[in-house]
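Comments concern the structure below.
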Amino acid sequence: MKSTLPPERLLTYQASEGWEPLCAFLGVQLPSEPFPRTNSTAEFRARLGR
Numbered sequence: 000m001k002s003t004l005p006p007e008r009l010l011t012y013q014a015s016e017g018w019e020p021l022c023a024f025l026g027v028q029l030p031s032e033p034f035p036r037t038n039s040t041a042e043f044r045a046r047l048g049r
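Numbering that gives the first Met the number 0 puts the first residue of the sequence shown at 0, with every later residue one more than the last.
Okay, structure coming up:
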């Protein structure tokens, strides 16, 4: 599928990158809220009781 899309229409994105690449790709302004960062390794381990 990737090979059939023009590069300007494809965003390879990791949530850890935050708002900037996503908003730039979509052509929208950055939100005023910080990017939600949940379910980190530490939070996951805390839920498991480790």
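Every residue gets a Cβ at the ideal spot worked out from N, C-alpha and C, and that includes glycine.
Check whether residue i and residue j have beta carbons under 7 Å apart
i	j	result
Trp18	Leu29	yes
Leu25	Tyr12	no
Nonlocal neighbours in the same chain, by C-beta distance under 7 Å from residue i, ignoring five residues either side
i	result
Leu9	Lys1
Closest residue to residue i among the options (Cα-Cα distance)
i	options	result
Glu34	Phe24, Thr11, Glu16	Residue identity differs from the one stated: residue 34 is Phe in this sequence, not Glu. Nearest option by C-alpha distance: Glu16.
Ala14	Arg44, Pro6, Ala23, Arg36	Arg36
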